[in-house]
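Novice:
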Amino acid sequence: MSTRHAVSDTLDESALRDSPFCQTVEIHAELGSTNDRARELIATEATLPALIVADRQTAGRGRGANRWWASDGALTFSIALDAAARGLTTAQHGLLSLATAVAIVEAVRTTTGRAAGVKWPNDVLLAGRKLAGVLIESPRPGRLVIGVGVNVANRFDGAPDDVRARATSLAGSGTTRQAVLAAFLSAFDARLTQLAAGDPQLIDAARAACVLKGEIVTLRDGERETTGACRGLAEDGALLIESDAKVASYYAGVIARSGER
Ligand code: BTN
1 MSTRHAVSDT LDESALRDSP FCQTVEIHAE LGSTNDRARE LIATEATLPA
51 LIVADRQTAG RGRGANRWWA SDGALTFSIA LDAAARGLTT AQHGLLSLAT
101 AVAIVEAVRT TTGRAAGVKW PNDVLLAGRK LAGVLIESPR PGRLVIGVGV
151 NVANRFDGAP DDVRARATSL AGSGTTRQAV LAAFLSAFDA RLTQLAAGDP
201 QLIDAARAAC VLKGEIVTLR DGERETTGAC RGLAEDGALL IESDAKVASY
251 YAGVIARSGE R
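Quick note, the sequence shown lines up with residues 1 to 261 if you use my numbering.
1) Tell me whether residue 236 sits in a helix, a strand or coil according to DSSP, three-state version.
2) My output table needs one value for residue 111: the three-state DSSP class, helix, strand or coil.
3) Confirm the yes/no value for this check: CB of residue 256, any heavy atom of the ligand BTN, distance under 8 angstroms.
4) Taking DSSP as the reference, what is the three-state secondary structure of residue 40?
5) How would you label residue 124, buried or exposed, when you count the other beta carbons within 10 angstroms and need 16 or more for buried?
6) Using the beta-carbon count (16 or more within 10 Å), is residue 55 buried or exposed?
7) Exposed or buried, what is residue 236 when buried is set at 16 or more other beta-carbons lying within 10 Å of its beta-carbon?
8) What are the start and end residues of each continuous beta strand (DSSP E) run of 3 or more residues lying completely inside the region 73-161, in chain order?
9) Looking only at C-alpha atoms, which of 250, 138, 163 and 247 sits nearest to residue 43?
10) Is the distance from the Cβ of residue 99 to the Cβ of residue 194 below 9 angstroms?
11) My output table needs one value for residue 199: the three-state DSSP class, helix, strand or coil.
12) Measure the C-alpha to C-alpha separation of residue 155 and residue 190 and round it to an integer number of angstroms.
13) Beta carbon of residue 166: closer than 8 angstroms to some heavy atom of the ligand BTN?
14) Considering only the beta carbon of each residue, do residue 30 and residue 57 sit closer than 9 angstroms?
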C-alpha cells in the first residue's frame, strides 16, 4: 500500500500557461525526473522556455550523485531555457544558480512572509534547515535546464534520516504549490533580466540573502578542501573564503558549515 499523502493542491495549468514567462507548459502526475523531461524537450526543439512540473518524481536527482527525496506536496519542476534568447552569455551562467535561489527566497517571502536565505551556491534554507535545492544542467551548448525542488506542503515522516535531520517545509503556512510557483516564475523572470543586463541588483540581493557570511565554512571540491571564514560573495557570484590571511574566490564545491559533516 502506498504511504504517500494525497497531493495537497492541484496545479492550475491554464494559469501557468498565462504566465508570460512560459511558452511550453507540461504538468505530470508522475515523472522520473523533471530535469530529464526538460532535456527531452530541448532535444526535440520544443518552444522554450518550457516549464515541466511533476506531482511526484520516481527518480528525482540532486547535485552530484545525490537523489532528491520528496513526498507528495513538494513542488518539483524544471525550466528548459534558451540562454542566448534571454541574452545570457556563457560567462553569466555561473550566476544563474544564485539568481534561481534568490527567486525562491522572494517567492517564499511573497507567499508566506517568511525570510529564507541562500546557502551558496544554490540551496535555500529556512531557520537553518534545507527548504529548497536547485540543479542546473546544460545538455547542450546554449541550452540550460534549471531544476527546482521546494518543500511546500510536504512532511518528512518516512523520509531518510539525513533528510529528516536537515530539511524543512512550508507546511502549515497556508501557501500552496501554485502560489509559490507563480511567485517564483515572476521573480525568476525579473532576475534573469537583471542577470543578462549585468544589473548589480542581482548580486546585491544574493549578498543580502547569503547565510554563510561570517561563518566558518569548509568547501569541498573533489579532492580539494578549504576551511576558513566566509567573507560573502564576489561581484561574479564566487564565494569568498579567508584562510591563511588571504581571501580567495571559489566557483564550485559543496559547503559544510562549522559543526556539519
Ligand atoms: C540539490 O539540492 O541537490 C538539488 C535538488 C534539485 C531537485 C530538483 S526537483 C526538480 C528537478 N528534477 C530533478 O530530478 N531534480 C530537480
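Cβ coordinates follow ideal geometry from the N, Cα and C atoms, glycine included.
Specialist: Inspection of the coordinates gives the following:
1) Residue numbering aside, residue 236 sits at position 236 when the sequence shown is read from its first letter. In the three-state scheme derived from DSSP, where H, G and I count as helix and E and B as strand, residue 236 is classed as coil.
2) The residue labelled residue 111 in the question sits at position 111 within the sequence shown. Correct three-state label for residue 111: helix.
3) Translated into positions along the sequence shown, residue 256 becomes position 256. Checking the Cβ of residue 256 against the ligand BTN gives no.
4) Position 40 of the sequence shown, counted from the start, is the residue given in the question as residue 40. Three-state result, residue 40: helix.
5) Counting from one through the sequence shown, the residue named residue 124 turns up at place 124. Flag for residue 124 reads buried.
6) Numbered from 1 along the sequence shown, position 55 holds the residue referred to as residue 55. Answer is buried; the Cβ neighbour count reaches 16.
7) If you number the sequence shown from 1, residue 236 lands on position 236. Under this definition residue 236 is an exposed residue.
8) 75-82, 117-119, 123-126, 129-140 and 143-150
9) Counting from 1 along the sequence shown, the entry for residue 43 is found at position 43. When each option's Cα is compared against that of residue 43, the closest is 138.
10) Taking the first residue of the sequence shown as 1, we reach residue 99 at position 99. Taking the first residue of the sequence shown as 1, we reach residue 194 at position 194. Yes, they are a contact pair.
11) For the purposes of this step, residue 199 is taken as the residue at position 199 of the sequence shown. Of the three classes helix, strand and coil, the one that applies to residue 199 here is coil, per DSSP.
12) Numbered from its first residue, the sequence shown carries residue 155 at position 155. Numbered from its first residue, the sequence shown carries residue 190 at position 190. So the two alpha carbons sit approximately 31 angstroms from each other.
13) Position 166 of the sequence shown, counted from the first residue, corresponds to residue 166. Distance from the C-beta of residue 166 to the nearest heavy atom of the ligand BTN is not below 8 angstroms.
14) Within the sequence shown, residue 30 is the residue found at index 30, counting from 1. Within the sequence shown, residue 57 is the residue found at index 57, counting from 1. In contact: residue 30 and residue 57 (Cβ atoms closer than 9 angstroms).
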